[in-house]
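J.: All residue numbers in the sequence shown are consecutive under this note's numbering, ending with 133. Glycine is no exception: its CB is placed at the ideal position from the N, C-alpha and C atoms. First the structure, then my questions, so here it is.
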Amino acid sequence: MTEIAKVALAETAAGLDEFWSQRVVGQANGSLLKVAKGIGSTTWHTHEDQDEVLMVTKGTLVVQLRSGNVTLNAGELLVVPRGTEHCPRADDEVHLLVIGRDVTSNAAGGKPDWSYQRGERPGGGPGETAEVNEAGGAR
Ligand code: NI
């Protein structure tokens, strides 16, 4: 039986050790709900296997697309369709709720190398409130 409990998005994001890493905080209807925080930029990347919903809960995120930039402020979201190259960036710390079918793989997730310098993360599978390191394949 799954525990029914609310998720504090701000506190979860603030507690993340690494930028551009996703922590699974719930799942619904086959999608994972993931909290992340970002600063600076990811790398350009594409998710061939899933659409990616990016919702800003704090700060401002610029989603760079080959067709132009989309700026998201708190309370705004963007669906990045699968197969669409994108590169999120944030001048100041931004907090996100990311919704997608899976944790995006490292290769496809665009996570910059420097983010790893903040130390190892505990393991954990989707559906747990553990940070998921996609390095070994999250699922
Ligand atoms: Ni992405």
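Return the chain-ordered list of same chain residues with a C-beta closer than 7 angstroms to the C-beta of A22, the five sequence neighbours on each side being excluded.
T.: Answer for A22: no residue qualifies.
J.: Between S35 and F13, what straight-line distance do the alpha-carbon atoms span, to the nearest angstrom?
T.: Computed Cα separation, rounded: 10 angstroms.
J.: Hey, A84 and L48 are a contact pair by Cβ (cut 8 angstroms); roughly how many whole angstroms apart?
T.: Rounded, the Cβ-Cβ distance is 11 angstroms, inconsistent with contact.
J.: Nearer than 6 angstroms: is that true of the beta carbon of E46 relative to any heavy atom of the ligand NI?
T.: Because some heavy atom of the ligand NI lies under 6 angstroms away, the Cβ of E46 counts as near it: yes.
J.: Tell me which same chain residues have a C-beta within less than 8 angstroms of the C-beta of A4, skipping the five on either side of it?
T.: These residues qualify, in order along the chain: T51, K52 and H89.
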